[in-house]
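Its first residue numbered 1, the sequence shown is counted upward by one per residue in the working numbering.
Each remark here refers to the structure printed beneath this line.
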Amino acid sequence: AVQESFRSMTPSQFFYEYKEVAGFGSPARALYQTVRELVENALDATDVHGILPDITIVIERVNENSNYYRITVEDNGIGIQPQYVPYAFGQVLYSSKYKLRQARGRFGLGAKMAILYGQIRTGRPVEVYTAPIGSRKIYYFKLKIDIEHNRPIVLTKAEYPNPKGWHGTRVSLVIEGDWWHSKHRVYEYIKRTAIAAPYANIVFIDPNGNVVIYKRSISKLPKQPKEVKPHPHGVDIELLKQLISGSQAKTMVEFLAEAFRGVGRKTAEAFLEWAGIAKNLDPHSLDDRQLELLARKLREYQKFRAPSADALSPFGPEIIEAGLRSILKPEFVAAVTRRPRAYEGHPFIVEVGIAYGGEIPPTNEPILLRYANKIPLLYDEKSDVAWKVVDPHNFDWRNYLVTFPAPVAVLTHIASTKVPYKSVGKESVADVPEIEQELRNALREAARRLRGYLLQKRKEEEAKRRIIT
Ligand code: ADP
Ligand code: MG
C-alpha cells in the first residue's frame with residue numbers, strides 16, 4: 001500500500017509559505033505593507049491609550065544601487081515591557097490585542113510578517129528600541145525569527161539610561177522592496193492616515209530625502225475603547241467551553257451573569273427558563289449535546305440587551321471634519337457618526353464624511369476613502385461593501401443634487417470589535433447586511449446635508465443673477 005508521510009507546520013512556516021495572504025506577495029507590495037503594519041502598531045500604542053501621537057516614518061535605500069530598504073518607524077506610545085519584546089517581534093501569532101476592544105492590529109501577525117519577509121531575503125535582523133511609560137531605562141533588542149520553531153532568536157540585548165523620560169518604540173528593519181512601484185501607495189496611505197488622525201503629528205522621509213509633515217490640527221482624541229466581555233449572540237460551542245473552563249461559577253445563573261456583557265441574574269434566569277435549562281446546573285458538568293443546545297439558545301434569545309459600544313472607538317464628526325478640511329481643502333464638509341448596532345453579537349459603529357468642492361478635483365465617480373478600525377484601506381476598493389454603497393449605480397446621487405463628474409469625496413469608517421475583513425491582509429470588508437444598511441443610512445444623512453448646502457448655494461447664485469440682470 002502507498003504510505004503518505006505527514007508533518008505539521010508552525011505558524012511562521014505557514015506564513016513563510018503563504019506570504020501573499022498577509023499582503024507580502026511582492027517587493028512593491030511588501031514595502032507598502034511594512035509601512036502600514038509599523039504605523040498601525042505605532043497608532044495602536046498611542047491614541048488607543050489616550051496619547052496624542054507623534055510618529056516618524058523613514059524609508060532609506062541601504063546603498064545606492066540596491067533594492068534593499070531600511071524602514072524605521074518611531075512613536076511616543078506606551079512602549080513594551082522588555083520581557084515581552086522578543087515574542088512581540090519574534091513569534092508569529094503573539095499579540096496584546098487578542099481581546100474584545102477595538103484596535104488596528106488583530107491577528108498578532110503584522111510586525112512579524114515584515115520581519116520575516118525582511119529576514120528571508122536580506123538576512124537582516126529587526127532592531128527595536130523601547131521604553132514603557134515611566135521607565136528609567138531604554139531597552140534595545142536585535143532579533144530574528146526562528147521560522148522552523150516559531151521562536152525569537154535574540155542576537156543582541158542592551159539597556160541604556162533614559163534621563164529625559166522618553167517613552168515609545170522605534171522599530172527598524174531592512175526588506176527587499178520596490179520604491180518605484182510602491183511610492184504612490186505609500187504616499188496615499190500616509191495621507192489617508194493623516195486625514196483620519198488630524199490629532200497626530202506625522203513626519204515622513206522618503207528614500208530620496210523628501211520630507212512630508214502632517215501637523216496636528218486638532219488636539220481631540222477619539223474616545224478610548226474599553227475591553228468588554230462577549231455578547232451571547234456571538235457564542236459558539238468552543239467559546240462556551242473556554243468561558244466555562246475560565247469560570248469558578250457553580251450554577252448556570254452565576255456563569256451567564258459573570259461571563260457575558262449586559263447579562264444580569266434576572267436576564268440569566270429568564271433566559272434559562274425560556275431555554276428549558278435548569279438554573280442550578282453546574283456549567284462544568286455540561287456534555288457536548290448540552291453545550292450545543294446552550295450555544296444555540298444563546299444565539300436565538302431575542303431579549304438580551306444589545307451589545308455595548310464601550311469597546312469601540314469611532315472618530316466622531318469633529319475629527320472627521322477636521323481631517324477632511326485640513327487635507328482636502330473642500331468648500332463643504334459634513335460628517336455623521338451613527339448609533340451603535342450589532343451583527344452576530346459584534347457591536348459596530350458606522351461613520352460617513354462627505355467633502356465637496358474647493359480643491360477636490362471633479363471625477364466621474366465619488367473619491368472613496370475607506371477606513372476600518374481607523375486603518376485606511378487602499379486595495380480591492382471595488383469589492384468592498386463601502387464601494388457597493390457609494391457606487392453611483394446603486395446610490396442616486398442626483399437626489400442630492402450631485403451629478404458626475406463632481407468634486408466629491410466620501411469617507412467611510414467601520415469601527416467594530418470584529419471587522420469582517422475578506423482576508424488577513426485587511427484590504428476590503430465583506431458585505432454583511434447590517435453594516436451595508438448602516439453605511440447607506442449614514443451616507444443618506446450626510447448627503448442630505450450636502451443637498452441643503454447646494455440648494456442654498458444655488459439660491460444665492462440665482463439671487464445674484466437677478467440683481468445683475
Ligand atoms: P498585532 O498588532 O496584530 O497585535 P503585531 O505583530 O503587529 O501584531 O504586534 C505584536 C504585538 O507587539 C502587539 O500586539 C503589541 O503588543 C506589540 N507592539 C508592536 N509594535 C508596538 C509599538 N510600536 N508600541 C507598543 N507595542 C507594540
Ligand atoms: Mg500590528
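Backbone N, C-alpha and C define an ideal beta-carbon position, used for all residues, glycine too.
Note that the structure is a prediction, hence the values are computed from the model and not measured.
Quick one: Cα of P132 to Cα of W166, how far? Take the alpha-carbon of P132 and the one of W166: they are about 8 Å apart.
Note the first and the last residue of the continuous beta strand (DSSP E) segment covering N201. Residues N201 to I205.
If you measure from each CB to the nearest heavy atom of ligand 2 and keep those under 6 Å, what residues do you get, in chain order? Qualifying residues come out as E37, E40, N41, G105, G110 and A111.
Cutoff 7 Å; reference R185; Cβ partners in own chain excluding five residues on either side: These residues qualify, in order along the chain: Y32 and L378.
Can you name the start and end residues of the beta strand (DSSP E) that I354 belongs to? H346 to Y356 is the extent of the beta strand (DSSP E) around I354.
DSSP three-state label for V402, please. Looking at V402 - three-state DSSP - the assignment turns out to be coil, as it is neither helix nor strand.
Name the two residues that bound the continuous alpha helix (DSSP H) containing E471. Look at the range of the chain in this structure, 1 to 469, and you will see that residue 471 is not part of it.
In whole angstroms, what is the alpha-carbon distance linking K191 and D44? Looking at the two C-alpha atoms, the distance is approximately 18 Å.
Given that a residue counts as buried once 16 or more other Cβ atoms are within 10 Å of its Cβ, and exposed if not, what is D396? Residue environment for D396: exposed (fewer than 16 other C-beta atoms within 10 angstroms of its C-beta).
How long is the line joining the alpha carbons of K459 and P405, rounded to whole angstroms? Taking the straight line from one Cα to the other gives about 22 Å.
Buried or exposed: which applies to W180, given that a residue is buried once 16 or more other Cβ atoms fall within 10 Å of its Cβ? Of the other Cβ atoms in all chains shown, fewer than 16 fall within 10 Å of the Cβ of W180; this residue is therefore exposed.
When the Cα of E127 is compared with those of L173, G264 and Y84, which residue comes out closest? Of the candidates L173, G264 and Y84, the one whose C-alpha sits nearest the C-alpha of E127 is L173.
Presumed contact (8 Å Cβ cut-off) between E159 and G110, rounded CB distance: For a cut-off of 8 Å, the C-beta gap from E159 to G110 is around 26 Å, too long to register as a contact.
Counting pairs of beta carbons, one from the region 425 to 435 and one from the region 322 to 340, are three or more of them closer than 8 Å? Look at the beta carbons and you see the region 425 to 435 not touching the region 322 to 340: under three pairs across the two are nearer than 8 Å.
For G345 and P225, which I take to be in contact (beta-carbon distance under 8 Å), what is that distance rounded to the nearest angstrom? The C-beta distance from G345 to P225 rounds to 17 Å, too long to fall under 8 Å, and the pair is not in contact.
Opening and closing residue of the beta strand (DSSP E) in which S416 lies: V408 to S416 is the extent of the beta strand (DSSP E) around S416.
In its own chain, which residues sit with a C-beta less than 6 Å from the C-beta of D310, not counting the 5 before and 5 after it? Contacts found: K226 and V228.
Three-state secondary structure (DSSP) of Y187: Looking at Y187 - three-state DSSP - the assignment turns out to be helix.
Could you check whether the region 10 to 23 touches the region 48 to 56, counting it as contact only if at least three pairs of C-beta atoms, one from each stretch, sit closer than 8 Å? By the Cβ test, the region 10 to 23 is not in contact with the region 48 to 56, since fewer than three Cβ pairs between them sit closer than 8 Å.
Within 10 angstroms of the Cβ of T169, are there 16 or more other Cβ atoms? Answer buried if so, exposed if not. Using a 10 angstroms sphere on the CB of T169, the tally of other CB atoms reaches 16 or more, which defines it as buried.
Could you check which residue in R444, E60, L369 and G79 has the C-alpha nearest to that of D206? Checking every option, the nearest Cα to that of D206 belongs to E60.
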